[in-house]
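S.K.:
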Amino acid sequence: MENLRGAGLMTLAMLGFAFEDMFIKLMADAMATWQIIFVLGTGGAFVFAVLTLMKRQPLFTRAYLSAPVMLRNLGELIGTLGFVTAIALTPISQASAILQATPLAVTLGAALFLHEPVGWRRWSAILVGFAGVMLVIRPGTEGFDIRSLFAVQGVVGLAIRDLATRKVPKETSSFQLSFLAFLMLIPAAFILSQFSDQAWVAPTPKIWGLFVGVVGLGVAAYYAIVAAMRIGEVSFVTPFRYSRMIFALVVGFVVFDERPDALMLAGAAVIVGSGIYTIWRERKHRPAA
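Numbering (the UniProt record's numbering), first residue to last: 1 to 289.
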């Protein structure tokens, strides 16, 4: 029963993230990417600052200067800049399909840099999954859009973030890490603005509504993921992360009139299938270890 509740919460979290992506893309029609990132950083930092203080935890600690925390922030920065830019400039279904390769990149990084054991089956799944990414991106063909590489940047950054999180000191809470990660987006947005010819745009009431939706859904989805992981078994609940792909396809089709072709859908299916297989193999391997 707990596993089913956890799976339901994880699915709701992915639905929330899909709508959050939709709001970001709608905001991109009215303002520059750097301004969206500034809005996300400001709103997210405020919300998690309040939550951190409510938990009677300090907003700033010396633990933030540890190498894992600094590396995690760098990964969060690279990942967020890449994925938000990809959402703004490319079809939401394509960007979401590429994002599904993040667990495969985490497994690859864990094997290469954390020396975690990975058997030939999972190595094969990783290679097949990245082949699926190539089907989505299609480098060297007429269908190739260089802007899709921003989504690849997002995968690399988020994989760095997840790997670094494993080494973060236990005394640093998830709320503190989230506050710091969003806070880092604010100066990054100002740096990006220096390389953009798009000026600051005064938000309209519609944009303010989208902004509230982005921050509210992001925080709610975050809570749902935490609850899902605590209620159900991680190996059972985690595959339901891939429901985000289904929601992204629906949102792209209904809201943005996107029509993914057969090759992109095949690539997305390969990525998702490889990721689920990798999780299944890891579930079998851990009890044996």
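Just so you know, even glycine gets a beta-carbon here, dropped at the ideal spot from N, CA and C.
Is residue 141 buried or exposed, if buried means 16 or more other CB atoms sit within 10 Å of its CB?
M.R.: Translated into the one-based positions of the sequence shown, residue 141 becomes position 141. So residue 141 ends up on the exposed side.
S.K.: If you reduce the DSSP assignment to three classes, tell me which class residue 165 lands in.
M.R.: In the sequence shown, the residue the question calls residue 165 occupies position 165. Reduced to three states, the DSSP call for residue 165 is helix.
S.K.: In its own chain, which residues sit with a C-beta less than 8 Å from the C-beta of residue 186, not counting the 5 before and 5 after it?
M.R.: The count along the sequence shown starts at 1 and reaches residue 186 at position 186. So the list reads 38, 41, 42 and 45, once near-sequence residues are dropped.
S.K.: Grab me the residues of residue 12's own chain with a C-beta within less than 7 Å of its C-beta, minus the 5 sequence neighbours each way, in chain order.
M.R.: Position 12 of the sequence shown holds residue 12. Cβ neighbours of residue 12 beyond the five flanking positions: 224.
S.K.: Taking only runs of the alpha helix (DSSP H) that begin and end inside the UniProt domain "EamA" (149 to 274), which ones reach a length of at least 4 residues, in chain order?
M.R.: Look at the UniProt domain "EamA" (149 to 274) and you find these whole runs of alpha helix (DSSP H), each 4 residues long or longer: 149 to 165, 174 to 193, 205 to 231, 234 to 237 and 243 to 255.
S.K.: Run through the UniProt domain "EamA" (5 to 137) for me and flag every whole alpha helix (DSSP H) of 4 or more residues, listed as ranges in chain order.
M.R.: 33 to 54, 67 to 89, 92 to 99, 102 to 113 and 120 to 137
S.K.: Excluding the 5 residues flanking residue 153 on each side, which residues of the same chain have their C-beta closer than 6 Å to its C-beta?
M.R.: For the purposes of this step, residue 153 is taken as the residue at position 153 of the sequence shown. Cβ neighbours of residue 153 beyond the five flanking positions: 82.
S.K.: Using 10 angstroms around the beta-carbon of residue 119, count the other beta-carbons present and answer buried if the total reaches 16, otherwise exposed.
M.R.: Here residue 119 corresponds to residue number 119 of the sequence shown, with the count starting at 1. Residue 119 is exposed by the Cβ-count criterion.
S.K.: If you check the beta carbons only, do residue 247 and residue 30 fall under 7 Å apart?
M.R.: As a working mapping, residue 247 is identified with position 247 in the sequence shown. As a working mapping, residue 30 is identified with position 30 in the sequence shown. Cβ atoms of residue 247 and residue 30: not closer than 7 Å.
S.K.: So, helix, strand or coil for residue 278, using DSSP?
M.R.: The sequence position of residue 278 within the sequence shown is 278, counting from 1. Note: residue 278 maps to helix in three-state DSSP.
S.K.: Confirm, please, whether the CB-CB distance from residue 76 to residue 181 is below 7 Å.
M.R.: Taking the sequence shown and counting its residues from 1, the one referred to as residue 181 is at position 181. Taking the sequence shown and counting its residues from 1, the one referred to as residue 76 is at position 76. Yes, they are a contact pair.
S.K.: With a CB to CB cut of under 7 Å and the five nearest residues on each side skipped, what residues in its chain are close to residue 255?
M.R.: Walking along the sequence shown from the start, residue 255 turns up at place 255. The answer, listed in chain order, is 22.
S.K.: In the structure shown, what three-state DSSP assignment does residue 142 receive?
M.R.: Taking the first residue of the sequence shown as 1, we reach residue 142 at position 142. Looking at residue 142 - three-state DSSP - the assignment turns out to be coil, as it is neither helix nor strand.
S.K.: Residues in its own chain within less than 6 Å of residue 289 by CB, not counting five upstream and five downstream?
M.R.: Within the sequence shown, residue 289 is the residue found at index 289, counting from 1. Residue placement at residue 289 is poorly supported in this model, since its pLDDT is 42, which falls under 50; the coordinates are not used for a value here.
S.K.: With a 10 Å radius around its C-beta and 16 neighbouring C-beta atoms as the bar for buried, classify residue 228 as buried or exposed.
M.R.: Here the question's residue 228 lines up with position 228 in the sequence shown. Residue 228 comes out buried.
S.K.: Output the distance between the C-alpha atoms of residue 208 and residue 190, rounded to the nearest integer angstrom.
M.R.: Locating residue 208 in the sequence shown gives position 208, counting from the first residue. Locating residue 190 in the sequence shown gives position 190, counting from the first residue. For residue 208 and residue 190, the distance between alpha carbons rounds to 20 Å.
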